Each structure stands twice: as structure tokens, then as C-alpha cells.
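With positions in the sequence shown counted from 1, the corresponding number in the numbering used here is that position plus 283.
By construction, the Cβ of each residue, glycine as well, lies at the ideal position given by its N, Cα and C atoms.
All figures in this text were calculated on a predicted structure; none of them were measured in a lab.
Please read the structure below before turning to the comments.
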Amino acid sequence: MRYKIKPEKGHMVEKERFIKENKELIIGILWKGGSVYTESRPTFTNNYDPKIGIQIFDIKEYVGHETIDGEVKVFFSETILFNEQDFLYAITNEPSYHEILRGFGWENDETTDIVIWGDLTITKTDE
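See below:
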């Protein structure tokens, strides 16, 4: 039996990190809705702190997730000059931003974090 975990207020964030020399670029997506699916009743709930949340790939029973209506947020390290920030921000709006950033020497640390937090609704599902 599968279970669906849904943050009650849509608290779901995805984050990617890119590095070049002493510079760091973080691209985040604040999802307005979404759910996480598990293959069995999730066991993390005993130690779950709604103020901290949980990285969904750390949920032992994880089998998938869905996201709805995201808003992109871009964060720059203090070592990125303002004119370069404008240039990088424009790139992040392109569908192929990964390839474009790589072409300019940025490396993706291959870590994508998706975190849910707040109160959760957990239900059995046939999805």
C-alpha cells in the first residue's frame, strides 16, 4: 500500500547548487503544492520536527514525488559582482540553464535537495 505525504500549507522547496572558483549560485524553487509518495507507511514521523522538516530523499520508504506551480528564487554568494548577478539571473530563466552555466565554467555539485516542512497530512493512496 502506498502513502501520500502532503505538506498542509504547501511547504516544499527544491534547491540546486552551482560553484565556480570562490563563487556560489543557488537556484531554489518554492513549490506552491506537492506531495511525496512512499511504498509503505513512513517511519520518519516519530522524530519529525515541523520547524526543520525533512529532505525527501532521506525518507526511507520514498518512491516518488510531484510538484505544482513553482516560483524560482536565485541566491548569490557575496563574491559575485552585481553585473554578473544580472547575467546569471537571466541564464536561470532559460530552460537549458544547466548546460549554459556549464559552458561558462559553473559546476553543479550534483546535489538537489527537496525539503518539506510544517504540518503534514499522510494518507493511504492508490496513486
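* With DSSP collapsed to three states, give me the class of histidine 294. => As a first step, residue 294 must be located in the sequence shown, where it is residue number 11. Note: histidine 294 maps to coil in three-state DSSP.
* In angstroms, rounded to a whole number, what distance separates the CA positions of tyrosine 331 and threonine 404? -> On the sequence shown, position 48 is the one that residue 331 refers to. On the sequence shown, position 121 is the one that residue 404 refers to. Their Cα atoms are separated by approximately 13 Å.
* Asked: What does glycine 317 pair with, by DSSP beta-bridge criteria?
  -> By one-based count along the sequence shown, residue 317 stands at place 34. DSSP lists Thr350 as partners of glycine 317.
* Check whether histidine 348 and glycine 388 have beta carbons under 8 Å apart -> Start at 1 with the first residue of the sequence shown, and residue 348 comes out as number 65. Start at 1 with the first residue of the sequence shown, and residue 388 comes out as number 105. Result no, Cβ atoms of histidine 348 and glycine 388 do not sit closer than 8 Å.
* Leaving out five residues before and five after threonine 368 in sequence, what residues of the same chain have Cβ atoms less than 6 Å from its Cβ? -> Numbered from its first residue, the sequence shown carries residue 368 at position 85. The sequence shown places glutamine at residue 368, not threonine. Answer for glutamine 368: Phe359, listed in chain order.
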